[in-house]
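Protein chains in written order, with this note's numbering: chain A, 2 to 290; chain B, 350 to 576; chain C, 350 to 576.
Structure, rendered in structure tokens:
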């Protein structure tokens, strides 16, 4: 518990309402707070604050708010110089810190006894502690998970199931709404593929094959897929798309006999590969001239 | 004493060796041959053979339900023949998880969100024939008929059932996430995901303090433009 | 003698019972609860429980490589973590288990302790946008929706799933340290030990999710989030 009036800051340094981060450079002369913030990535502003507190072994119940604020702003400035995109939450926290810092400069209410004086830092401290609890919880979960990653089960259940049991995906509400969304998306995109000589980028062909195979449990004859392409360009793009999807482990090619039909079917990773938009974006970037 | 081949340091004694062998035979999909095991563990074949022999004998005891046997010249774990019937009937008592093929799931999702809906309406969205799938869903009591639509041809309407709610753990249909909610959640995926980055949603640069208010409304990263 | 429940004829004694139990746990893909086993085999639950206890103890011995454990309130067979290196070289066909990022783990732990929880509540604690992580957790089936909170906007509630327990090897939520314990750890790490604010309300243990009605614990920044 420190007395807020002992703050080393003089009133002139009180930040104004639309204060930019203080103009002095990272190496602040005055309070010698040359603490070097390594430019680590933080998930959020609270993680950054906790890291500052931890590294300097600061007692969370007595945070030197002026010092921490300037270190915090330093971090923001360095991030900006390095073009690291921090979120709005970081800016919001900066404002909060500056506000606390200025509140610390206000004189005590003389009508209140010492014990009832409000510490402007109180709420921040509670927030930091609340967050820290879940960092601890997460680390504990991670340990549990590490153990679990190292054990294996191999249940031979299938041998005991009735033949009649249909295979399929175990589904949840999330699968339901997710699949509705993809149905709608496909409906929206459908006409695009009928335009002859239209969109023949590799990316669009991957999208086409993805949609073609998604509703298909069995194998599809590759030749027929090619035959459906309206132009040579589209065929070439489709071939590249097939190769790309093999590489992505989204599909498997199979040829049962020499010179036989090549069939394409979903890899077991199909849904995983297409669960995000990343692969397509990456492919698009690679192939676009 | 001294003419023993050097054993890997993680395998100091027989107890550990046997535990390890049991784990390996358990985990392997196919019968493992003596050579596979010995070379995989970098252990002398005769040592492994003796250990496996002991494990097999041990597992044959009547109080054990899982045994290690020689199958096709390899070692394999399995239940004992005398328990097969009991195991099979036990497995039959287990409530199977709701499993659906992808076409069935998609059709069900369309009905869940568009109900009551007719087959032509569902087909218009799915883009494929759905009559077969409708029958599956009807027979699994996930959907039911809901009268006829008052348009030409009077097509049947379909809606989801109470069983549907139970299976998906919903107390009523309003508990289904809306598409808008799903979109909000998937938007964040562009910045996250185990495929590339490790962080949360895309955000504005610091300094744009004015943007704090609508941080959550930030537009998603460039949509994939149709080229 | 005669007041015994009729045991199935194929199960005359303890030895055979234990063998059968081992076979069943071996075969099942999901952790089997005591109730599932007892009712599936038509045996008294206490008898089954004692038998399983004995099997678990037996399987923990160092000479065994496959053990029976309590996971997600059920009995499950798996290899032991100490054999992972050797086992891994024999399970090349098995898919490696997906990793979770630390932000995902933190969000997951907030949900585990505060469930059922809404996204704004989670964000208030995490201090960052969590929608992307929520998507990841939903698609990995570690969390699921749990109805809607009865406040303005009717936001979706989220809770952890059985898969969560399975994937983290937890027998149930109470196996997690209480929030109180976590708080002590945090205070020890960050403070010099002394508590300043004593207005700290005792928090619920994980799983005791009575808090749906009160948002009192959410810090006030909540109202900066739009919508």
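Built from N, CA and C at the ideal position, the CB exists for glycine as well.
Remember, predicted model here, so these are calculated numbers, not experimental data.
* Inter-residue Cα distance where the pair is residue 402 of chain B and residue 224 of chain A -> 53 Å
* **residue 460 of chain B vs residue 188 of chain A beta-carbon contact at 9 Å** => no
* To do: Spatial neighbours of residue 324 of chain B within its chain, please: CB distance less than 7 Å, with the 5 preceding and 5 following residues excluded, ordered by chain position.
  => Because chain B in this structure spans residues 350 to 576, residue 324 of chain B falls outside the shown range and cannot be described.
* **Listed by chain order, chain C residues near residue 413 of chain B by CB distance under 7 Å** => 368, 371
* **Range covered by the alpha helix (DSSP H) that runs through residue 94 of chain A** => 89–104 is the span of the alpha helix (DSSP H), which, as asked, contains residue 94 of chain A.
* Helix, strand or coil for residue 270 of chain A, going by three-state DSSP, please let me know. => Coil.
* **Where residue 187 of chain A falls: helix, strand or coil (DSSP)** => DSSP places residue 187 of chain A in helix when its eight states are reduced to three.
* What's the C-alpha gap between residue 390 of chain C and residue 245 of chain A? -> Looking at the two C-alpha atoms, the distance is approximately 51 Å.
* Asked: Straight-line CA distance for residue 369 of chain C to residue 486 of chain B?
  -> Each residue's alpha carbon lies about 36 Å from the other.
* Got a sec: is the Cβ-Cβ distance from residue 513 of chain B to anything in chain C below 9 Å? -> no
* Helix, strand or coil at residue 536 of chain C [DSSP, three-state] -> helix
* Asked: Which residues in chain A sit within 7 Å of residue 526 of chain C, going by Cβ to Cβ distance?
  -> 141
* Would you be able to state if there are at least three C-beta pairs under 8 Å between the segment 212–231 of chain A and the segment 507–518 of chain B? => Flag = no, the segment 507–518 of chain B and the segment 212–231 of chain A do not touch.
* Please classify residue 501 of chain C: is it buried, with 16 or more other beta-carbons within 10 angstroms of its beta-carbon, or exposed? => Flag for residue 501 of chain C reads exposed.
* Own chain partners of residue 108 of chain A with C-beta closer than 6 Å, once the 5 adjacent residues on each side are dropped -> Same-chain partners within the cutoff: there are none.
* To do: Please list, in chain order, all residues of the same chain as residue 479 of chain B whose beta carbon is under 7 Å from its beta carbon, the five residues on each side excluded.
  => 456, 468, 471, 472.
* Measuring alpha carbon to alpha carbon, tell me which of B:498, B:393, B:429, B:482 ends up nearest residue 410 of chain B. => Checked all of B:498, B:393, B:429, B:482; the closest Cα to residue 410 of chain B is B:429.
* To do: Starting from residue 219 of chain A, find everything on chain C with Cβ-Cβ shorter than 7 Å and list it in chain order.
  => The premise fails here: residue 219 of chain A is roughly 23 Å from chain C at the closest Cβ pair, so nothing lies under 7 Å.
* **Residues near residue 504 of chain C by beta carbon distance below 6 Å, same chain, minus five either side** => So the list reads 467, 498, once near-sequence residues are dropped.
* **Own chain residues within Cβ distance below 7 Å of residue 367 of chain B, not counting five before or after** => 400, 403, 404
* Would a C-beta distance cut-off of 9 Å place residue 374 of chain C and residue 426 of chain C closer than the cut-off? -> yes
* Would residue 266 of chain A count as contacting chain C if we go by Cβ distances under 9 Å? -> no
* Output yes if chain B places a C-beta closer than 9 Å to the C-beta of residue 175 of chain A; else output no. => yes
* Would you check if the distance between the CB atom of residue 528 of chain C and the CB atom of residue 130 of chain A is smaller than 9 Å? => no
* **Inter-residue spacing [alpha-carbon to alpha-carbon] between residue 56 of chain A and residue 95 of chain A** => 19 Å
* Contact list for residue 475 of chain B against chain A, beta-carbon separation under 7 Å -> 184
* Could you check which residue in A:219, A:133, A:154, A:146 has the C-alpha nearest to that of residue 380 of chain C? => A:154
* Residue ranges of each alpha helix (DSSP H) run of no fewer than 4 residues wholly in the segment 423–496 of chain C, ordered along the chain? -> 433–439, 451–463, 468–475, 480–488
* How many Å lie between residue 174 of chain A and residue 140 of chain A at the Cα? -> 29 Å
* **Spatial distance of residue 417 of chain B from residue 132 of chain A (CA atoms)** => 50 Å
* Asked: Counting only beta-carbon atoms, is residue 505 of chain C nearer than 9 Å to chain B?
  -> yes
* To do: Assuming residue 40 of chain A contacts residue 83 of chain A (C-beta within less than 8 Å), just tell me the rounded distance between them.
  => 6 Å
* Asked: Going along the chain, which residues of its own chain have a beta-carbon closer than 6 Å to the beta-carbon of residue 386 of chain B, five neighbours each way excluded?
  -> 397
* Under a Cβ-count criterion, where at least 16 other Cβ atoms within 10 Å of its own Cβ denotes burial, should residue 362 of chain C be classed as buried or exposed? -> Residue 362 of chain C is classed as exposed because its beta carbon has fewer than 16 other beta carbons within 10 Å across all chains shown.
* Are residue 482 of chain C and residue 458 of chain C close, meaning C-beta to C-beta below 9 Å? -> no
* Within chain B, partners of residue 157 of chain A - CB distance below 9 Å -> 426, 427, 428
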